[in-house]
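In the numbering used here, the protein residues as written are 4 to 571. Comments concern the structure below.
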């Protein structure tokens with residue numbers, strides 16, 4: 004019996020419901036099972052359980068199955084996606100194959116012929132299959148293949164300056180190679196792609212969750228063709244190889260709209276290219292999604308509602324400062340409020356907000372734009388970065404004259420940010436009168452939920468941890484073992500670590516007197532202030548991150564160890 008007749012026979016759906024599903028199926032061309040779930044006539048769990056019982060095959064949760072990437076690749080990706088099938092196990096006498104529709108006999112025959120081994124079938128969720136495909140079918144083999152093809156086209160040249168890179172020639176090897184590089188980066192959720200020529204090989208590295216992962220290409224001579232294509236895509240000067248260049252381009256990759264910031268730099272063996280990837284289709288993160296603790300979030304939102312003053316978000320490059328600022332702007336963006344931003348570059352396009360991109364080559368600097376911005380009757384101003392004394396002073400005076408000013412600064416923590424403004428030449432009285440709060444932040448990697456296990460810190464780690472808290476021995480630390488979902492790293496995704504320093508009257512008086520030591524002491528003792536290291540340690544207590552990540556953050560921040568009171 005066919006699936007629809009079986010469901011009617013078992014009383015799960017009626018004959019009328021089956022007929023309406025068949026009519027919808029003819030219009031959509033999708034399989035009956037998917038049509039039934041789309042129409043809400045049966046749930047996916049109900050349908051899969053029914054198929055498992057009727058066909059006498061197991062129902063397997065792919066997320067709980069530790070998959071071997073080499074085993075999965077016994078079935079080529081094209082066939083896996085076409086027939087919605089995944090190799091779960093390669094046993095000596097058979098292959099365990101997960102399928103979303105194990106009743107598809109034609110697909111079974113084709114797959115059995117491809118695998119050349121007896122096949123046992125299991126039922127799996129289609130949504131889990133699609134996620135597994137993106138996670139496990141990396142583009143590394145395609146990249147190596149296209150690199151070899153590109154090198155073969157120019158076998159007689161040790162290093163060539165031009166390849167077939169004309170607009171619209173998407174079938175050329177260099178275009179296919181770049182397409183595979185971008186697809187692999189999107190699948191890995193990479194934030195950056197690094198293309199680095201070496202003496203005898205080409206390195207293609209991706210930054211995933213803040214850590215670079217490397218792929219080596221032995222065809223070193225293709226580097227200049229890749230760089231040339233990227234320069235053409237991003238509007239750079241293809242004849243200039245001696246000076247760094249910055250550009251921007253946009254690509255569509257597997258349904259994702261990716262904004263790409265391109266930076267080239269001459270190095271010993273050619274030109275290095277770094278591409279920052281910004282997934283516009285993913286949308287903006289809200290302040291809740293950044294990971295800011297709820298109590299801190301309430302305080303931060305209260306600060307954003309003040310009519311004037313400066314709020315700084317600080318941290319190194321790649322710590323998520325811009326994400327936090329855009330999250331704040333999305334909440335402040337109301338019809339009754341005028342918001343102007345001055346950025347380099349404009350990363351997200353927001354409706355109703357007037358966004359200006361600086362251009363130093365024509366004199367459109369932060370300070371020049373900021374002067375004009377103050378004459379545009381804004382309520383809120385966002386300055387991408389406080390880069391020089393002039394920008395700092397204009398921003399502080401703007402905050403003093405009735406505007407809410409948001410900006411970023413490259414400092415280690417919240418306390419050193421106010422001191423940095425003084426070091427940049429801003430008068431103490433102006434900083435004290437204008438600065439309302441500083442948010443410092445970092446990103447730490449999350450433990451992979453699938454392979455997490457208990458972890459006991461070693462003696463060196465315990466030494467440093469005990470400088471942060473006295474109850475270390477009672478904390479049930481965790482660490483990821485490494486699995487296919489996290490690509491054997493033990494980590495999956497990142498979360499923000501924040502500290503919030505609100506200015507008090509005592510701190511303002513210390514700044515007016517240029518007494519930085521007194522300011523630091525008062526800031527550390529202020530109500531509600533919790534340093535980054537303590538927030539990160541709290542995440543480790545809750546099993547969100549590891550000891551390794553906590554100590555890495557402590558080393559970056561270079562905070563003085565907190566003295567632990569043994570009587571506490």
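Just so you know, even glycine gets a beta-carbon here, dropped at the ideal spot from N, CA and C.
When C-beta atoms of the segment 362-378 are compared with those of the segment 274-282, fewer than three pairs fall below 8 Å, so the two segments do not count as touching. Residue nearest to residue 397 within the set 312, 199, 337 is 312 (criterion: CA-CA distance). When the Cα atoms are used, residue 436 and residue 302 turn out to be separated by approximately 20 Å. With three or more CB-CB distances shorter than 8 Å, the segment 471-484 counts as touching the segment 533-552. A contact is defined here as three or more CB-CB pairs under 8 Å, and the segment 261-275 meets this definition with respect to the segment 233-246. Runs of the beta strand (DSSP E) lying entirely within the segment 455-499 and spanning at least 3 residues, in chain order: 455-457, 481-483. DSSP links residue 101 through a beta bridge to 89, 125. Contact check between the segment 510-518 and the segment 432-452: three or more CB pairs, one atom from each, fall below 8 Å, which counts as touching.
When C-beta atoms of the segment 528-540 are compared with those of the segment 390-406, fewer than three pairs fall below 8 Å, so the two segments do not count as touching. 9 Å or more divides the Cβ of residue 81 from the Cβ of residue 139. By DSSP's assignment, residue 186 forms no beta bridge with any residue.
Straight through space, the alpha carbons of residue 361 and residue 368 are spaced by roughly 5 Å. Separation of the CB atoms of residue 500 and residue 444 is rounded to 6 Å, and the pair is thereby assigned contact status at 8 Å. Sequence-distant Cβ neighbours of residue 322 in its own chain, meaning closer than 7 Å and more than five residues away, are 444, 445, 446. Per DSSP, the unbroken beta strand (DSSP E) holding residue 345 starts and ends at 342-346. Around the C-beta of residue 275, 16 or more other C-beta atoms lie within 10 Å, and the residue is accordingly described as buried.
Here the segment 83-97 makes contact with the segment 105-122; the two share three or more CB pairs at distances below 8 Å.
A residue is called buried when at least 16 other Cβ atoms come within 10 angstroms of its Cβ; residue 67 does not meet this threshold and is exposed. If you ignore the 5 residues before and after residue 453, its C-beta comes within less than 6 Å of the C-beta of 486, 488, all in its own chain and listed in chain order. Closest in C-alpha terms to residue 195, from the list 203, 213, 440, 317, comes 213. With contacts defined by Cβ atoms closer than 9 Å, residue 177 and residue 316 do not form a contacting pair.
Secondary structure note for residue 397: its alpha helix (DSSP H) is the uninterrupted segment 392-403. Contact annotation: residue 8 and residue 21 have beta-carbon atoms nearer than 9 Å.
When the five nearest sequence neighbours on each side are left out, the beta carbons in the same chain lying within less than 6 Å of the beta carbon of residue 248 are those of 239, 267, in order along the chain.
With contacts defined by Cβ atoms closer than 9 Å, residue 62 and residue 125 form a contacting pair. The continuous stretches of alpha helix (DSSP H) do not include residue 429, and DSSP gives it neither H nor E. If you ignore the 5 residues before and after residue 370, its C-beta comes within less than 8 Å of the C-beta of 391, 393, 394, 397, all in its own chain and listed in chain order.
Considering only 255, 226, 343, 251, the residue with the shortest C-alpha distance to residue 244 is 226.
In the DSSP annotation of this structure, residue 43 is not part of any alpha helix (DSSP H), being labelled neither H nor E.
Counted as a single uninterrupted DSSP element, the alpha helix (DSSP H) harbouring residue 8 occupies residues 6-12. Annotation for residue 313: the continuous beta strand (DSSP E) segment containing it runs 312-317.
Taking a C-beta distance under 9 Å as the contact criterion, residue 257 and residue 209 do not qualify as a contact pair. Residue 200 has 205 as its beta-bridge partners, per DSSP. The beta-bridge partner set that DSSP reports for residue 360 consists of 346.
Taken atom to atom, the span from the alpha-carbon of residue 545 to that of residue 5 is near 50 Å. In the structure shown, residue 533 falls within a coil segment according to DSSP collapsed to helix, strand and coil.
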